[in-house]
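S.K.: One structure follows; several queries about it will come next.
Number of protein chains: 2
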Amino acid sequence: MRASKAFISTLREVPAEAEIVSHQLMLRAGFIRKSASGIYTYMPLAQRSLQKVMKIIREEMNKAGGQEIILPIIQPAELWQESGRWEVYGAEMFRLQDRHGRDFCLGPTHEEIISDLVRREVSSYKEFPLLLYQIQNKYRDERRPRFGLMRGREFIMKDLYSFDKDEEGMKKSYQIMYDAYEKVFSRCGLKYRAVEADSGAIGGNISHEFMVLAENGEAELVYCEQCKYAANVEKAEAFPEKLPQEEPGKMEEVYTPGASTIEKLADFLKISPKKTIKALFYEADDKLVCALVRGDRELNEIKLQNSLDCINLQLASEEAIKNKLGYTVGYVGPVGLEGVKIIADKEVPYVYNAVIGANKKDYHLVNVMPGKDFNIDLVEDIRVVEEGEKCPKCESPLKKARGIEVGQVFQLGTKYSDSLNVTYTDENGEIKKVFMGCYGIGVGRTLAATIEQNHDDDGIIWPMSIAPYHVVIVPVNYKDEEQRNYAEEIYQKLLSEGIEVLLDDRDIRAGVKFKDADLIGYPLRIVIGKKTVKEGTVDLVRRATKEEESLAVNEIISKVKDIISSELNEKDL
Amino acid sequence: MRASKAFISTLREVPAEAEIVSHQLMLRAGFIRKSASGIYTYMPLAQRSLQKVMKIIREEMNKAGGQEIILPIIQPAELWQESGRWEVYGAEMFRLQDRHGRDFCLGPTHEEIISDLVRREVSSYKEFPLLLYQIQNKYRDERRPRFGLMRGREFIMKDLYSFDKDEEGMKKSYQIMYDAYEKVFSRCGLKYRAVEADSGAIGGNISHEFMVLAENGEAELVYCEQCKYAANVEKAEAFPEKLPQEEPGKMEEVYTPGASTIEKLADFLKISPKKTIKALFYEADDKLVCALVRGDRELNEIKLQNSLDCINLQLASEEAIKNKLGYTVGYVGPVGLEGVKIIADKEVPYVYNAVIGANKKDYHLVNVMPGKDFNIDLVEDIRVVEEGEKCPKCESPLKKARGIEVGQVFQLGTKYSDSLNVTYTDENGEIKKVFMGCYGIGVGRTLAATIEQNHDDDGIIWPMSIAPYHVVIVPVNYKDEEQRNYAEEIYQKLLSEGIEVLLDDRDIRAGVKFKDADLIGYPLRIVIGKKTVKEGTVDLVRRATKEEESLAVNEIISKVKDIISSELNEKDL
Numbered sequence: 022m023r024a025s026k027a028f029i030s031t032l033r034e035v036p037a038e039a040e041i042v043s044h045q046l047m048l049r050a051g052f053i054r055k056s057a058s059g060i061y062t063y064m065p066l067a068q069r070s071l072q073k074v075m076k077i078i079r080e081e082m083n084k085a086g087g088q089e090i091i092l093p094i095i096q097p098a099e100l101w102q103e104s105g106r107w108e109v110y111g112a113e114m115f116r117l118q119d120r121h122g123r124d125f126c127l128g129p130t131h132e133e134i135i136s137d138l139v140r141r142e143v144s145s146y147k148e149f150p151l152l153l154y155q156i157q158n159k160y161r162d163e164r165r166p167r168f169g170l171m172r173g174r175e176f177i178m179k180d181l182y183s184f185d186k187d188e189e190g191m192k193k194s195y196q197i198m199y200d201a202y203e204k205v206f207s208r209c210g211l212k213y214r215a216v217e218a219d220s221g222a223i224g225g226n227i228s229h230e231f232m233v234l235a236e237n238g239e240a241e242l243v244y245c246e247q248c249k250y251a252a253n254v255e256k257a258e259a260f261p262e263k264l265p266q267e268e269p270g271k272m273e274e275v276y277t278p279g280a281s282t283i284e285k286l287a288d289f290l291k292i293s294p295k296k297t298i299k300a301l302f303y304e305a306d307d308k309l310v311c312a313l314v315r316g317d318r319e320l321n322e323i324k325l326q327n328s329l330d331c332i333n334l335q336l337a338s339e340e341a342i343k344n345k346l347g348y349t350v351g352y353v354g355p356v357g358l359e360g361v362k363i364i365a366d367k368e369v370p371y372v373y374n375a376v377i378g379a380n381k382k383d384y385h386l387v388n389v390m391p392g393k394d395f396n397i398d399l400v401e402d403i404r405v406v407e408e409g410e411k412c413p414k415c416e417s418p419l420k421k422a423r424g425i426e427v428g429q430v431f432q433l434g435t436k437y438s439d440s441l442n443v444t445y446t447d448e449n450g451e452i453k454k455v456f457m458g459c460y461g462i463g464v465g466r467t468l469a470a471t472i473e474q475n476h477d478d479d480g481i482i483w484p485m486s487i488a489p490y491h492v493v494i495v496p497v498n499y500k501d502e503e504q505r506n507y508a509e510e511i512y513q514k515l516l517s518e519g520i521e522v523l524l525d526d527r528d529i530r531a532g533v534k535f536k537d538a539d540l541i542g543y544p545l546r547i548v549i550g551k552k553t554v555k556e557g558t559v560d561l562v563r564r565a566t567k568e569e570e571s572l573a574v575n576e577i578i579s580k581v582k583d584i585i586s587s588e589l590n591e592k593d594l
Numbered sequence: 022m023r024a025s026k027a028f029i030s031t032l033r034e035v036p037a038e039a040e041i042v043s044h045q046l047m048l049r050a051g052f053i054r055k056s057a058s059g060i061y062t063y064m065p066l067a068q069r070s071l072q073k074v075m076k077i078i079r080e081e082m083n084k085a086g087g088q089e090i091i092l093p094i095i096q097p098a099e100l101w102q103e104s105g106r107w108e109v110y111g112a113e114m115f116r117l118q119d120r121h122g123r124d125f126c127l128g129p130t131h132e133e134i135i136s137d138l139v140r141r142e143v144s145s146y147k148e149f150p151l152l153l154y155q156i157q158n159k160y161r162d163e164r165r166p167r168f169g170l171m172r173g174r175e176f177i178m179k180d181l182y183s184f185d186k187d188e189e190g191m192k193k194s195y196q197i198m199y200d201a202y203e204k205v206f207s208r209c210g211l212k213y214r215a216v217e218a219d220s221g222a223i224g225g226n227i228s229h230e231f232m233v234l235a236e237n238g239e240a241e242l243v244y245c246e247q248c249k250y251a252a253n254v255e256k257a258e259a260f261p262e263k264l265p266q267e268e269p270g271k272m273e274e275v276y277t278p279g280a281s282t283i284e285k286l287a288d289f290l291k292i293s294p295k296k297t298i299k300a301l302f303y304e305a306d307d308k309l310v311c312a313l314v315r316g317d318r319e320l321n322e323i324k325l326q327n328s329l330d331c332i333n334l335q336l337a338s339e340e341a342i343k344n345k346l347g348y349t350v351g352y353v354g355p356v357g358l359e360g361v362k363i364i365a366d367k368e369v370p371y372v373y374n375a376v377i378g379a380n381k382k383d384y385h386l387v388n389v390m391p392g393k394d395f396n397i398d399l400v401e402d403i404r405v406v407e408e409g410e411k412c413p414k415c416e417s418p419l420k421k422a423r424g425i426e427v428g429q430v431f432q433l434g435t436k437y438s439d440s441l442n443v444t445y446t447d448e449n450g451e452i453k454k455v456f457m458g459c460y461g462i463g464v465g466r467t468l469a470a471t472i473e474q475n476h477d478d479d480g481i482i483w484p485m486s487i488a489p490y491h492v493v494i495v496p497v498n499y500k501d502e503e504q505r506n507y508a509e510e511i512y513q514k515l516l517s518e519g520i521e522v523l524l525d526d527r528d529i530r531a532g533v534k535f536k537d538a539d540l541i542g543y544p545l546r547i548v549i550g551k552k553t554v555k556e557g558t559v560d561l562v563r564r565a566t567k568e569e570e571s572l573a574v575n576e577i578i579s580k581v582k583d584i585i586s587s588e589l590n591e592k593d594l
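For the record, the sequence lines run as chains A and B. Just so we're aligned, residue 22 is where the first sequence starts under the working numbering, counting upward by one. Just so we're aligned, residue 22 is where the second sequence starts under the working numbering, counting upward by one.
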């Protein structure tokens, strides 16, 4: 492709709308253009990289036994009503009516429609395992679409669904897909980590997320370098610290003026924050709940929600607390609480002679014995794990990192085959429920995550496997006949070798061409200039390292071929 | 792929919902499944064939200089309001609102959104010609979705848009795309014809449709075997027959009891139907119009609509005519008509001493001289061309055929750059309007049309280039170890040669496997049976001709390779 013909337009300014690097660079380098909030046009450069990601995905899904289909985007409401999710999805689902007034939605996900297909088409145990997938747009009317392709309202996803006759089969399919996902992200040239994850609205018990490691990633994860444990902090199991046992002291009220935070309180009383207990009030499906964690810990709302098994969870408003209990926020504590469920983190029972809010302004209780001086209804792991804590599996210190979720896999069990009655006949003629799994990859998100992980101040640094082009040829002065001839010759030779190359034949300053090349991020750049004409050499520059080497014109083709094939093969292992 | 693992389910019965062959066969052979009216799931077999059609399209679009992008499916209303088509599209457009109450539609076509992109990104004449395309779902809420993939509400289309600086450039781009379309349909293995077409709601003056020839095609076309003229009958130019001039006779009313049709009238009066004139009343944008064609001709409503330049055209109701004129339908004629526009076909002025309805039950007027005895406001070509008539270009007799429109190309001129203000700066610094073209291919429709053209009583006959698999191997008895070994050996060898092969390893009767193979329509079938074990030969059957030949096992691989590569190359020319 010639730059003079290519539909590529780069921007010098950082667009105001873009907050994160990948979004900024995709706009600046001409990969995407916004059409409406969270809705984008993919320009030719993005389309080329997307096609490569999709090809890698297709190849790995097919190798794993997946069969590709295309499901409708526009889905009849009836199926969602049957599964019970028509209401659950709320405002995040795009809904519409056809000319006859029938209700439809734009698929935010496809469990319903594929379950319906399989219940109609499959009847015998012989047909399992069955792995079906598609690569297509999904629609979610996000409250706050942001970060470009990271959180759009129209986005490309690969979703695969596995169907098995029993839990064992499901687990086998899950492992096959887990392995296939590792291959996909390795081949895309990404540094990633698979972590245990919460299964959220999709459901099921076991789930993993595939996280591309990036400093500014939205997600936080912990991992153990000793054993292979890794988890999203949302999900990561905390190893409870047991403080040394103590004889009970005398519980009494202490005047603690201005001690409105744990830090101030510990300072004031000259104790460790570990000796304090924080009480937080939540509304869980309209019931008031008191959650307790040790003063130096942070509460994990997702764990709390899962422990309470509720659909809606939010911090209780001052008003809700006052209505129920009669007192204001601050200095709250569990002693004397009545009619409110108390859920405590696993560490709370081990805080002996604890300091706790006295439910009275500027007062705390000291020497409180949990379980004795106040009742605990439920003890669960409801706190956030911190860096350096013990790994729940091997007790080595945990590390923390940030990442971007690009894929997630779920063991759904019979969640959807129960609600949608997806059954089969087993070896003995018995009717049984099908076991499902589902497996998603955000295709556009993978591009964005790649950029978050691979960029510098000048622009994007594409891994060879998903770069829009492998090579850019930059003649310093294309109008110079001799330079042009060299450029054209190398261009044609690379094309004939099947290498994806862009020839920057534009009649503009060389500096602009270099800036564009760095911004767009082609892995290799061949520079043709006066030296080429005089000495018969060209400069080969690696985008990632800016490493530059001078090569004879007759060496350049084989050198480029070698680099590309070695970089592609490395990822293909 | 092994049939035992493949997600293929065939049906013995013809589904009641399917009226035409391609729809019936796609359902029976397990290519598609209905999800809602006009909305389908594409099963793995269809997906494989679709991918091949899309690959051919991509290759030809890229060769022609097209650059692939992905435009949003969900489009903001503002753009459609700006172009004036938000209202025009009416009930056929799926509309929806997001959570903030903003209006969107699901793109029925993409002129607006691409014009918006180009007006924002392109500013100089240097950037033309620019050819951008995508392959994606389109949405049209058809009043009566039918015929499976022929007329769906959600369907896959390739749409390319060309942008040029002037009319000459547009015509050049148009020709390039026209040629590329010929290559696409040839490579798909189709017998087709490009015909002049009406440009309908998309607009512009010059348009061609690509018609796959098929007996049951929805469209009718005429073509000339001498010159290359071919046109959709909707558009085909009529060569007016001039009847011999006559001296005017005496106009008078004649009693013609029961002569309610032209045939009966001609019989009754013992004249040629050519001597009669038919009058038809239409409501054109709420105005009553009287259209005249010779009695033996058929009126062409699309030509009439174009001649009248109206948006809505329909036969006038009895009531509307009575309200306006005061008399009932039947025996109507133009003599004495007042306040109604009269449009006559080009042949009407050449009917001397014509017979015309007298506007009186059971009476006609004879010896009427058009233009003298009644006024004509407009003379236009408004009739349907018949087989055997003279070609408008070379006057040889025209032939008629039926076809299915699989693609259409349009010269749009400045229609959209006018309404959406798409401009560029020319060589002299002047601001000018961009000239556009648009070019569509129905991808799913191409599959359906292929089946309409290529099938027999037993099922589909796929052209090699878009068959879901090239070869099926049918071991008569897969349980027989020796047969199985032969089958597996041939299967592995074909796979290693990169040939797409399905091994029917199912433990079912051979007759069922043969029936399925014929129904699905794999181009080649290799049969392995007792003879294979005894004599070392296999039968190779061509699906299209049912031709069968016996080959030694060691010959089969090279034979199959030869057939496939020769059939693919033929189409690739």
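From the three backbone atoms N, C-alpha and C, an ideal C-beta is built for every residue, glycine too. No experiment lies behind these values; they were computed from the predicted model shown.
(1) Taking S43/A as the reference, which of L433/A, G111/A, R466/A has the closest Cα?
(2) Residue ranges of each beta strand (DSSP E) run of no fewer than 3 residues wholly in the segment 414-443 of chain A, ordered along the chain?
(3) So, are the CB atoms of M232/B and E426/B less than 7 Å apart?
(4) Any beta carbon from chain B within less than 7 Å of E142/A's own beta carbon?
(5) Taking a cut of 9 Å between CB atoms, which residues from the segment 247-258 of chain B lie near chain A?
(6) Below 8 Å, how does it come out for the segment 49-66 of chain A and the segment 163-178 of chain A: are there three or more Cβ pairs, yes or no?
(7) With DSSP as the reference, label I90/A as helix, strand or coil.
(8) Considering only residues of the segment 481-565 of chain A, which uninterrupted alpha helix (DSSP H) runs meet the minimum length of 4 residues and lie entirely inside it, listed in chain order?
(9) Which two residues bound the contiguous alpha helix (DSSP H) that contains V205/B?
(10) Does the segment 124-143 of chain B touch the segment 97-107 of chain A, meaning 3 or more C-beta pairs lie closer than 8 Å?
(11) Using the C-alpha atoms, what's the distance from A27/A back to T566/A?
(12) Under 7 Å, do L66/A and F52/A count as touching if we go by C-beta distance?
(13) Show which residues of chain B have a CB atom less than 8 Å away from the CB atom of T446/A.
(14) For H476/A, name the three-state secondary structure that DSSP assigns.
(15) Closer than 9 Å by beta-carbon distance: list the chain A residues that pair up with Q88/B, in chain order.
(16) Considering just the uninterrupted stretch of the alpha helix (DSSP H) at F289/B, what are its terminal residues?
(17) Reducing DSSP to helix, strand and coil, say where T467/B ends up.
(18) Return the first residue and the last residue of the alpha helix (DSSP H) that L46/A is part of.
(19) Closer than 6 Å: is that where the CB of S58/A sits relative to any heavy atom of the ligand NAD?
(20) Below 8 Å on C-beta distance, what does I377/B contact in chain A?
(21) Give me the chain B residues within the contact set of Y61/A, using Cβ-Cβ distance strictly less than 8 Å, ordered along the chain.
(22) What ranges does the alpha helix (DSSP H) occupy inside the segment 126-156 of chain B, keeping only unbroken runs of at least 4 residues that lie completely in it?
(23) From which residue to which residue does the beta strand (DSSP E) around R116/A run?
(24) Helix, strand or coil, according to DSSP, for L594/A in the structure here?
(25) Rank T297/B, S220/B, C459/B by C-alpha distance to the C-alpha of N388/B and give the top, closest one.
(26) In chain B, which residues lie less than 9 Å from S104/A when you measure between Cβ atoms?
(27) Report the option in A488/B, K263/B, Y512/B whose CA atom is closest to the CA atom of P496/B.
M.R.: Based on what the coordinates show:
(1) R466/A
(2) The beta strand (DSSP E) runs of length 3 or more contained entirely in the segment 414-443 of chain A are, from start to end of the chain, 420-434.
(3) yes
(4) yes
(5) none
(6) yes
(7) coil
(8) 502-517, 531-541, 551-556
(9) 188-208
(10) Verdict: no, contact absent.
(11) 26 Å
(12) yes
(13) Per Cβ cutoff of 8 Å: no residues; T446/A is ~15 Å from chain B at best.
(14) strand
(15) M22, K26, A27, F28, M64, P65, Q68
(16) 283-290
(17) helix
(18) Where L46/A is concerned, the enclosing alpha helix (DSSP H) stretches over 42-49.
(19) By its list of ligands, the structure shown contains no ligand whatsoever, and the ligand NAD lies outside what it can speak to.
(20) Per Cβ cutoff of 8 Å: no residues; I377/B is ~42 Å from chain A at best.
(21) P93
(22) 132-142
(23) 116-118
(24) Here L594/A scores only 45 on pLDDT, less than 50, and its place in the model should not be relied on; the value that follows carries that caveat. Coil, per DSSP.
(25) T297/B
(26) Correct list: empty, because the minimum Cβ distance to chain B is about 15 Å.
(27) Y512/B
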